[in-house]
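Encoded structure:
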């Protein structure tokens, strides 16, 4: 088992009625605000949301001991089974397992190796399989995601993979493109989404449906989401220039 309980695991008992979900075992609060839904043919869709997890502070507190194995996920994730993978590595870069992370931030180890490259969960987890030879996540209905975005070495979530192609059983697809990571000269090397292309995409190649901009490089906050299809899924984000400071709960007397 992983050394922490984050997000809302599939077997969790939770409470909430206004979009929030509180894990009754850990007390962890998870909240997601839906933003947009990419659409494909034959009912294919991928929803994205801004996701907050109350244990983010605890995760950062533990970074020195476990981030090499379990990098933190970014805040913008798919609200329907987004699956970044964190490569857990032993000394000398021997792969020992992978980690499946869902939209809430819940983590599931894929620690059962079949053949030479297929990894699946040993415990109670979503039914998925990761084929490391093709960088593909396979779901039980036959659909799959190609995980061709790999966070570069200077990124906080280095060695984490993100989906670039989402394909259902009839071959219909949604494409996701990412910005270059810090110190990287190539695209698809960070978790920062640049464009999403679905069946409604417009413009010259590469066509796009949604485009994301950030307020600084390389680790800027999300500044805006625009679309090329003329609907209401457009957003501008502002941030408090004088945020309230955060204090560690671990150093308070009590």
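Numbering (my numbering), first residue to last: -8 to 245.
Glycine is no exception: its CB is placed at the ideal position from the N, C-alpha and C atoms.
Beta strand (DSSP E) containing residue i: first to last residue?
i, result
"residue 163", "From DSSP, residue 163 is part of no beta strand (DSSP E); its letter is neither H nor E."
"residue 118", "No beta strand (DSSP E) contains residue 118, which DSSP labels as neither H nor E."
"residue 22", "20 to 30"
"residue 220", "Neither: residue 220 is in no beta strand (DSSP E) and is coded neither H nor E."
"residue 204", "201 to 205"
"residue 109", "109 to 111"
"residue 44", "36 to 44"
"residue 100", "98 to 101"
Near residue i, which residues of its chain fall below 8 Å by C-beta distance, leaving aside the five closest residues on each side in sequence?
i, result
"residue 193", "199, 200, 219 and 220"
"residue 129", "119, 120, 121, 122 and 135"
Expressed to the nearest angstrom, what Euclidean distance is found between the alpha-carbon atoms of residue i and residue j?
i, j, result
"residue 137", "residue 36", "15 Å"
"residue 32", "residue 12", "31 Å"
"residue 190", "residue 209", "30 Å"
"residue 76", "residue 10", "Reliability of the predicted coordinates at residue 76 is poor, the pLDDT of 44 falling under 50, and the value obtained from them is presented with this limitation in mind. Computed Cα separation, rounded: 26 Å."
"residue 196", "residue 6", "46 Å"
"residue 173", "residue 160", "35 Å"
"residue 179", "residue 150", "12 Å"
"residue 66", "residue 127", "Only weak support exists for where residue 66 lies, its pLDDT of 30 falling under 50; the coordinates are left without a value."
"residue 185", "residue 213", "10 Å"
"residue 96", "residue 1", "11 Å"
"residue 34", "residue 8", "27 Å"
Quick one: is residue i buried, meaning 16 or more other Cβ sit within 10 Å of its Cβ, or exposed?
i, result
"residue 176", "exposed"
"residue 90", "buried"
"residue 21", "buried"
"residue 99", "buried"
"residue 203", "buried"
"residue 88", "buried"
"residue 236", "exposed"
"residue 155", "buried"
Tell me which same chain residues have a C-beta within less than 6 Å of the C-beta of residue i, skipping the five on either side of it?
i, result
"residue 46", "-3 and 19"
"residue 28", "36 and 38"
Got a sec? Which residues, its chain only, sit under 7 Å from residue i by beta carbon, not counting five neighbours each side?
i, result
"residue 145", "172, 173 and 174"
"residue 215", "204, 226, 227 and 228"
At 4 residues or longer, what runs of the alpha helix (DSSP H) sit wholly inside the region 130 to 179? none
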